[in-house]
Amino acid sequence: DAKTTQPNSMESNEEEPVHLPCNHSTISGTDYIHWYRQLPSQGPEYVIHGLTSNVNNRMASLAIAEDRKSSTLILHRATLRDAAVYYCILRETGSQGNLIFGKGTKLSVKP
Amino acid sequence: NAGVTQTPKFQVLKTGQSMTLQCAQDMNHNSMYWYRQDPGMGLRLIYYSASEGTTDKGEVPNGYNVSRLNKREFSLRLESAAPSQTSVYFCASRLAGNNEQFFGPGTRLTVL
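Going down the list, the protein sequences come from chains L and C.
So for the first sequence, my numbering puts the first residue at 24; every next one is plus one.
So for the second sequence, my numbering puts the first residue at -16; every next one is plus one.
Right under this line is the structure:
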């Protein structure tokens, strides 16, 4: 499985946008980009995923670079409840759905 | 829907004891997974079951066994617990053809 690189931690102010970067320079053409987040003392929860095009849902937006070697998760207005560890994960198309978690980015949100 | 449920929430074992962690999902999902998470780390896959009646090893299967009892339930057994198995264990499930995995709340296991 291709690896991802994320910053260990980031800080944001409440109600400001947050851009969480992820590098995946060895991504293959069949790898989906997934984002999960883990709130304190909880299991991970799905945020968003994409293949080539930018994606939007009620939680966030995913911006994928044209060469697919990097992507950015965008939280449009951070709230205190968004403080969590965010994981960027590559998953091969047609695989069993297995996710390979790295250490992720710990996002802190200041009021 | 309760989603993915796990029992127990907390457990303390002595080295050499055995126990089974239970996981159930009520979403009619095909695939189920067991992960462990050590402090400050991401999750690592122990075993998974792509469908009822099948199980496969993940990244860290040693010291564990699993049973896919039926479509709803997927249990993880530690036959002889070791301190290195102190961790938080998460169960997850996924509907075939869907990308999203749903996770349970976790079981915090301490082996003394």
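We treat Cβ as the ideally placed atom computed from N, Cα and C, and that holds for glycine.
Computed from a predicted model, the values in this text were never measured in an experiment.
Chain-ordered neighbours of residue i on chain L, where CB pairs are closer than 8 angstroms
{"i": "C/P88", "result": "Q65 and G66"}
{"i": "C/E56", "result": "Ordered by position in chain L, no residue passes the 8 angstroms Cβ test against C/E56, which lies about 17 angstroms from the chain."}
{"i": "C/F73", "result": "G66 and P67"}
{"i": "C/L97", "result": "A question about residue 97 of chain C goes unanswered here, because the residues of chain C that appear run from -16 up to 95."}
Per-residue contacts from residue i into chain L (C-beta, under 9 angstroms)
{"i": "C/E35", "result": "Correct list: empty, because the minimum Cβ distance to chain L is about 14 angstroms."}
{"i": "C/L59", "result": "None at all; the shortest Cβ gap to chain L is about 15 angstroms."}
Proximal chain C residues relative to residue i, where beta-carbon distance stays under 7 angstroms
{"i": "L/H99", "result": "Ordered by position in chain C, no residue passes the 7 angstroms Cβ test against L/H99, which lies about 21 angstroms from the chain."}
{"i": "L/L43", "result": "What L/L43 touches in chain C: nothing, since even the nearest Cβ is about 15 angstroms away."}
{"i": "L/L122", "result": "Q84"}
Boundaries (first-last residue) of the beta strand (DSSP E) holding residue i
{"i": "L/S51", "result": "Careful: L/S51 lies outside any beta strand (DSSP E) and carries neither H nor E."}
{"i": "C/R77", "result": "S70 to R77"}
{"i": "L/I112", "result": "A107 to E115"}
{"i": "C/L52", "result": "Unbroken run through C/L52: none, as it is neither H nor E."}
{"i": "L/P44", "result": "V41 to N46"}
{"i": "C/Q0", "result": "That residue, C/Q0, is in no beta strand (DSSP E); it is neither H nor E in DSSP."}
Own chain, CB closer than 7 angstroms to residue i, minus 5 neighbours either side, in chain order
{"i": "C/A(-15)", "result": "D9"}
{"i": "C/P(-9)", "result": "T90"}
{"i": "C/S70", "result": "R19, Q20, D21 and L92"}
Under 8 angstroms from the C-beta of residue i: neighbouring residues of chain C
{"i": "L/G125", "result": "G25"}
{"i": "L/Y109", "result": "Per Cβ cutoff of 8 angstroms: no residues; L/Y109 is ~11 angstroms from chain C at best."}
{"i": "L/H47", "result": "What L/H47 touches in chain C: nothing, since even the nearest Cβ is about 15 angstroms away."}
Closer than 9 angstroms at the beta carbon, the chain C residues around residue i
{"i": "L/Y55", "result": "N82"}
Same chain only: Cβ atoms within 6 angstroms of residue i, ignoring 5 sequence neighbours per side
{"i": "L/E38", "result": "R100"}
{"i": "L/P30", "result": "T128"}
{"i": "L/P134", "result": "E37"}
{"i": "L/E115", "result": "T53 and D54"}
Other residues of its chain near residue i: CB distance less than 8 angstroms, five sequence neighbours each side excluded
{"i": "C/D39", "result": "Y30, Y31, S32 and A33"}
{"i": "L/T75", "result": "I87 and R91"}
{"i": "C/A(-4)", "result": "Per the sequence presented here, residue -4 of chain C reads as Leu, with Ala not at that position. Only M2, L61, A64, L92, T93, V94 and L95 meet the Cβ criterion."}
Exercise. Per the contact definition of three or more C-beta pairs closer than 8 angstroms, is the region 88 to 104 of chain L in contact with the region 36 to 52 of chain L?
Worked result: yes
For this session: Can you check the region 66 to 103 of chain L for any beta strand (DSSP E) of at least 3 residues that lies completely inside it and give the ranges in chain order?
Result: 68 to 73, 84 to 87 and 93 to 98
For this session: Let me know the beta strand (DSSP E) ranges lying completely inside the region 5 to 46 of chain C, each 3 residues or longer, listed in chain order.
Result: 14 to 20 and 26 to 32
Exercise. Are the region 98 to 112 of chain L and the region 59 to 74 of chain L in contact at 8 angstroms, needing three or more beta carbon pairs?
Worked result: Short answer: they touch.
Exercise. Should the region 9 to 19 of chain C be called in touch with the region 76 to 91 of chain C, which here means at least 3 C-beta pairs below 8 angstroms?
Worked result: yes
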